[in-house]
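If you count the sequence shown from 1, position 150 lands on 152 in this note's numbering, and the numbers rise without skipping.
We put the CB at the ideal spot given by N, CA and C, even for glycine.
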Amino acid sequence: MGDKHKIRFEPVGVEIEADEDQTILRAAAEQGVMLMHGCKEGQCAACKSFILDGDDVEHDRYSTFALPDFEKEEGYTLLCRAHAYEDLTIELLNYDEEMIRSGLPIVQARAEVVSNDSVTHDMRHLVVRLLEPSSLKYFPGQYVDFAIPGSEETRSFSMAGTSEQVLEFVIKIYPGGLFSQFLDTEVAVGAQLEITGPFGVFTLRDAPDTDLIFVGGGAGMAPILGLLRSMAERGIDRRATFYYGARRRRDLCFDQELSELASRLPDFRYVPALSDEDWDGESGLITDVVRRLEHDLTGADAYVCGPPPMVEAAFELLAALGVADKRIFFDKFTTTGEAEDR
Ligand SMILES: Cc1cc2nc3c(=O)[nH]c(=O)nc-3n(C[C@H](O)[C@H](O)[C@H](O)COP(=O)(O)OP(=O)(O)OC[C@H]3O[C@@H](n4cnc5c(N)ncnc54)[C@H](O)[C@@H]3O)c2cc1C
Ligand code: FES
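Take a look at the structure:
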C-alpha cells in the first residue's frame, strides 16, 4: 500500500481517495464510483480525462493511439493507467450521471466450468458456475476479468447471460492468443477459474419510449445477447433491431434463439449479415447493411460492440444517421499486443 490522495471529479463534484498503488479508475470502482471505461488497459481511450489541478501522476503502459504525447503534455490522462501521487482535480470528459453512482462492488470469485462448447468454428460458449462467492451482481452488458493461470495476465469477457450464479460467455479463439490457447487446450468441465468483476458501462440505459439499435460483430455477440435476454426477462418492449455482422454462415451463432426472441420481445428484429458469402439474407459489411436499411435514427439509442474498427465505423455511421453521440454506447473488444505501446 502506498500513500493515499484525494481525487475530485468535475463537473460531477464526486470525491474519492486513491492509493498510489492503484489506478484512479480502480480506486473509484472500489468506492462504488463507476467512471466511463472500456478496456482498462490504456488501449481504447474511453476513460480519457483532463487534469485540472495537480500534475504528479504516473501512467502504467498504454497505447499512444489512446493518449498521444501532445495530449498528455496538455494535461490529458487515461484514468485506467493513472496513479496519483498528490491530490488531484480531474475533469471527466465522458460521464453518465445515471451510471456514475450505480457502481456495484468488485468481487474476486472462483468458478467451476460447466461447459466449454464450440458455437462456431472459432467461438466458444463458456459456462461457469460460481463457487466462492456463489453469486456475482452485475448489470447485463458488463464484463469480468479472467486470470490466466501461470501468468500475471487477465483477459476481459462479457457476460452473455443474465444469471448471477451461472455466468455465460461467448469467446473467440485467436490463434496464438494467451487466453485462447488456454481455453482451447486446457479448460475442461470441472476446471476452476478465477474471475474479478463486474466492470464496464455497456449497460441498458433507462429510456422507455426510445428505439434501440444494436450493432455487433464477432464475439460482440456476447453482451448484446445478454442485453436482449434481460430485456425479454424484464418485459421491456422498446422497438429494437440487432444488426450482426459475420463473414460466413459458419460464423453465425445463437441464430435460433435470436429468431425466437422475436416472439418474446414484441417489436424486435434480428438482421444477420454476411460479408464474405452469398446467401438469402443481408450481404456486405454490417455498417453497409445498416446504411442501406436505416435512413433516420434521430432519437434512437445505439449499442455497438465488437472489434475496434467495426465499432469506430459504426459510431460514425450512427451519428450520421442522427443518433446523438452521447446515446451511442459501445464496448471495443481491444486485444493486447497492439502497436505503439508506451
Ligand atoms: C471490455 C472488453 C470486453 C471483452 N469481451 C470479450 C468477449 O465477450 N468475448 C471475446 O471473445 N473477447 C472479448 N474481449 C477481448 C478479450 O479480452 C481478449 O483480448 C481476446 O480474447 C484475446 O485474448 P487472448 O489472450 O486469447 O489473445 P492475446 O494473447 O491477447 O492475443 C490476441 C491476438 O493478438 C495477437 N498478438 C498478441 N500479442 C501480439 C503482439 N505483440 N503483436 C501482434 N499481435 C499480437 C495474437 O496472436 C492474437 O491473435 C473483450 C475485451 C474488452 C476490452
Ligand atoms: S484506455 Fe482506459 S479504459 Fe480503455
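Would you call residue i buried or exposed, if buried means 16 or more other Cβ atoms sit within 10 Å of its Cβ?
i: Lys42; result: buried
i: Glu154; result: exposed
i: His123; result: exposed
i: Ala264; result: exposed
i: Gly324; result: exposed
i: Ala341; result: Because Ala341 carries a pLDDT of 44, less than 50, the predicted location of this residue cannot be relied on, and no value is offered for it.
i: His297; result: exposed
i: Arg63; result: exposed
i: Gly301; result: exposed
i: Ser51; result: buried
i: Thr336; result: buried
i: Leu54; result: exposed
i: Gln258; result: exposed
i: Arg294; result: exposed
i: Ser65; result: buried
Just to confirm, are residue i and residue j a CB contact at a threshold of 8 Å?
i: Arg131; j: Glu114; result: yes
i: Thr243; j: Phe216; result: yes
i: Gln110; j: Thr198; result: yes
i: Pro225; j: Cys307; result: yes
i: Leu138; j: Arg112; result: no
i: Ala316; j: Thr289; result: yes
i: Glu100; j: Arg207; result: yes
i: Thr91; j: Glu12; result: yes
Whole angstroms is fine: what's the gap from residue i's alpha carbon to residue j's?
i: Ile108; j: Glu235; result: 25 Å
i: Ala1; j: Ala248; result: There is simply no residue 1 to check, as the chain begins at 3 and stops at 344 in what is shown.
i: Glu166; j: Phe159; result: 15 Å
i: Asp333; j: His61; result: 22 Å
i: Asp278; j: Met312; result: 15 Å
i: Val146; j: Phe201; result: 6 Å
i: Asp253; j: Lys174; result: 11 Å
i: His85; j: Cys49; result: 14 Å
i: Pro151; j: Glu188; result: 10 Å
i: Lys74; j: Ala31; result: 23 Å
Ordered along the chain, which non-local residues of its own chain (more than five positions away) have a Cβ less than 7 Å from that of residue i?
i: Met3; result: Asp21 and Asp23
i: Val129; result: Val116, Ser117, Val168 and Glu170
i: Thr164; result: Pro142, Gly228, Arg231, Ser232 and Glu235
i: Asp186; result: Ile175
i: Glu88; result: His7, Gly56 and Asp58
i: Ser261; result: Tyr272
i: Ala209; result: Asp303
For residue i, I'd like the list of residues in its chain whose CB is within less than 6 Å of its CB, leaving aside the five on either flank, ordered along the chain.
i: Ala47; result: Ala68
i: Ala304; result: Ile215, Leu320, Val325 and Ile330
i: His39; result: Leu27, Ala48, Cys49 and Cys82
i: Met223; result: Val172
i: Asp5; result: Glu22
State the beta-bridge partners of residue i as determined by DSSP.
i: Pro274; result: Tyr246
i: Gln194; result: Glu114
i: Leu90; result: Ile9
i: Gly199; result: Val109
i: Cys307; result: Gly218 and Asp333
i: Glu79; result: This sequence places Thr at residue 79; Glu is not what is there. According to DSSP, Thr79 bridges with Ser51.
i: Ile18; result: Ile9
Can you find the residues in the same chain that come closer than 8 Å, C-beta to C-beta, to residue i, ignoring five residues on each side of it along the sequence?
i: Ile102; result: Val14, Val16, Val35, Met36 and Leu37
i: Val191; result: Val115, Val116, Ser117 and Asn118
i: Arg250; result: Leu276, Asp278 and Glu279
i: Leu267; result: Leu230, Met233, Ala234, Ile238, Asp239 and Ala242
i: Phe184; result: Ile150 and Pro151
With respect to 7 Å, is the separation between the Cβ of residue i and the closest non-hydrogen atom of ligand 3 below this value?
i: Leu80; result: This structure simply doesn't include ligand 3; it includes ligand 1 and ligand 2 instead.
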